[in-house]
């Protein structure tokens, strides 16, 4: 293997393992093999066949143990990763755990993860219980676990397998991924991210994870598992990478690529994790946070992904009125196919929240009825967890407060409310 300064040699583990738990009040009444057979026709056949084969091989074990024999799962961390009170209650009431474990070599497909999650979901479904992903410290209901598995073409949404937690430190926000080690790759981290990029940078990290995971699995495609996989020191991330990671590759316009420098940060504590750090390219002037903000502006084509205000001022009111007044014309041009080539129409609309509406952008994919717009979200919403980048949305035209026409350089038409915000006229706080 040729290693140059353009590539970073990342070590490959000898094998990978997956562990899933199913809490039980009593002993299971249905065997794992019977439960998996019940998924016939509901699970893509490659994965269904893989689960059956792994069950019949020494690569997978399914054991039922008294819950006291298993280390206690930390409820605070489970809650931090989305556990509900009902799920925690079922875990507390469980007398036994069904433990599903699988092992496989690094590479694609990650048979250990797909098969173990499928078996655990099948068992949980028959018992009316939950799946606990030990790696992610995350509860999954059986339907969600099954939906996360590959379709007939082997496609997955990376957001179902990789989380992006963050925390604050003296330099800003510290982002990490949690899930890439399922595939043998080191987790990513970014430090010094400005606070206002919370949701945008989470999406960028997910897109970067998708791009690097593809390079990683390409490097493991041979018959022999190598000791190292060379990853490019300058990684590129595009809007397409983000959209694919969220499962909606056809619903994202083209964007210019963003460059991120990859550095290996080995852990000094043998109990701690090593990371691959994402930094600005060498020689970038100014603080890293400024580069991260520019990267988000490029990847989201100049539109702020999480604009919020509670009560518009005069300038904002005029901007909204101007945008609403031009909606009929832009819809007519969109429906007639008369918008400039290589452009994308986006609209901004309000989602209700406890502190006032949250305004988010969505790319328009269809506008057949004048009163209703079908599109794909261009941002993660804070108030509605179902609204994520690339997720399908239906917007009532009456809720639209702005629209914009984008090309690769940014806004070329519209975007009146954004212009007010960019000019620094922040709306007043709620009374």
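In my numbering, the protein residues as written are 3 to 433.
For glycine and all other residues, C-beta sits at the position ideal for the given N, C-alpha and C.
Computed from a predicted structure; not experimentally measured.
query: Where do the N-terminal and C-terminal ends of the alpha helix (DSSP H) with residue 221 fall, by residue?; result: 200-221
query: Can you give me the Cβ contacts of residue 231 inside the same chain, cut-off strictly under 7 Å, excluding the 5 residues immediately before and after it?; result: 12, 14, 218, 221, 222
query: What separation, rounded to the nearest whole angstrom, lies between the Cα atoms of residue 151 and residue 413?; result: 37 Å
query: What is the rounded straight-line gap between the Cα of residue 84 and the Cα of residue 339?; result: 43 Å
query: Identify the continuous beta strand (DSSP E) that holds residue 346 and give its terminal residues.; result: 346-353
query: For residue 417, which of 401, 29, 326 has the nearest alpha-carbon?; result: 326
query: Hey, which unbroken runs of the alpha helix (DSSP H) at 4 residues or more fall wholly within the stretch 13-98?; result: 34-39, 47-57, 77-82, 87-95
query: What is the rounded straight-line gap between the Cα of residue 314 and the Cα of residue 355?; result: Since pLDDT at residue 314 reaches only 44, below the 50 mark, its modelled position is unreliable, and the value read off the structure follows with that caveat. Cα to Cα, the separation comes out at about 16 Å.
query: Give a yes or no on whether the C-beta atoms belonging to residue 182 and residue 166 are separated by under 8 Å.; result: no
query: CB residue 196 to CB residue 288, shorter than 8 Å?; result: no
query: From this set, 224, 211, 246, 226, which residue's C-alpha is nearest residue 237's C-alpha?; result: 211
query: Relative to the alpha-carbon of residue 131, which residue among 105, 119, 93 has its alpha-carbon at the smallest distance?; result: 93
query: Residue 368 by DSSP, collapsed to three states: which one?; result: strand
query: Roughly how far, in whole angstroms, is the beta-carbon of residue 260 from the beta-carbon of residue 9, given that I think they are within contact range, below 8 Å?; result: The pair is not a contact, with the Cβ atoms about 19 Å apart (cut-off 8 Å).
query: When the distance is taken between beta carbons, is residue 402 closer than 8 Å to residue 329?; result: yes
query: Which class does residue 104 belong to by DSSP, given the choice of helix, strand or coil?; result: strand
query: Which residues share a DSSP beta bridge with residue 234?; result: 9
query: Straight-line CA distance for residue 34 to residue 59?; result: 13 Å
query: So the alpha helix (DSSP H) residue 331 belongs to, where does it begin and stop?; result: 329-337
query: In terms of residue numbering, what span does the alpha helix (DSSP H) encompassing residue 137 cover?; result: Premise fails: residue 137 is in no alpha helix (DSSP H) and is neither H nor E.
query: Of all the options 41, 178, 27, which has the alpha carbon lying nearest to the alpha carbon of residue 275?; result: 178
query: For residue 415, which residues in the same chain have their Cβ closer than 6 Å to its Cβ, ignoring the five residues on either side in sequence?; result: 407
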